[in-house]
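No gaps in the numbering here: position 87 of the sequence shown is 87 in this note's numbering, and each next residue is one more.
What follows is a single structure, written as structure tokens, with notes after it.
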Amino acid sequence: MSTTNKRLMILIAGPYRSGTNDDPDKMAENLHNLESASYPIFQAGHIPMIGEWVAVPIWNTAGGESVGDDLYEEIFYPTAHRLLDRCDAVLRLEGESKGADNDVRIANERGIPVYYKSDEIPTYVGN
């Protein structure tokens, strides 16, 4: 098991809208799957982050009306890209997702580590 003396903010990337045909129940299930990865990250001493935690309230308060509308497109992917300016790593969950694949591409371009299983994430051992 690897360790680090720095707390990491880790973006959890995986399917949210993909494969749902914009069904709100399926999207909620996908969000639950993303969120299920947050506790192991927290237990390892880090800060989990999911782009939808930030994007959904922005979209709602900006007047978003339906998934995939122009405002949705303006906010959702750019939010994840902006978060990658602040995140130290990405945890890529299984499942087809254009957005998550793009997060991984950006992380690789920026030299940000990408993990594919939570047990690959180093444990924080600092003060």
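In this text, a Cβ means the ideal position worked out from N, Cα and C, and glycines have one as well.
DSSP, reduced to helix, strand and coil, places T61 within a helical segment of the structure shown. When DSSP states are grouped into helix, strand and coil, T79 belongs to the helix group. The residues L84, V90 and V114, in chain order, have a CB closer than 7 Å to that of A107 in the same chain once the five nearest residues on each side in sequence are set aside.
Between the alpha carbons of I41 and E65 lies a distance of about 33 Å.
For Y39 and K117, the gap between their C-alpha atoms comes out near 13 Å.
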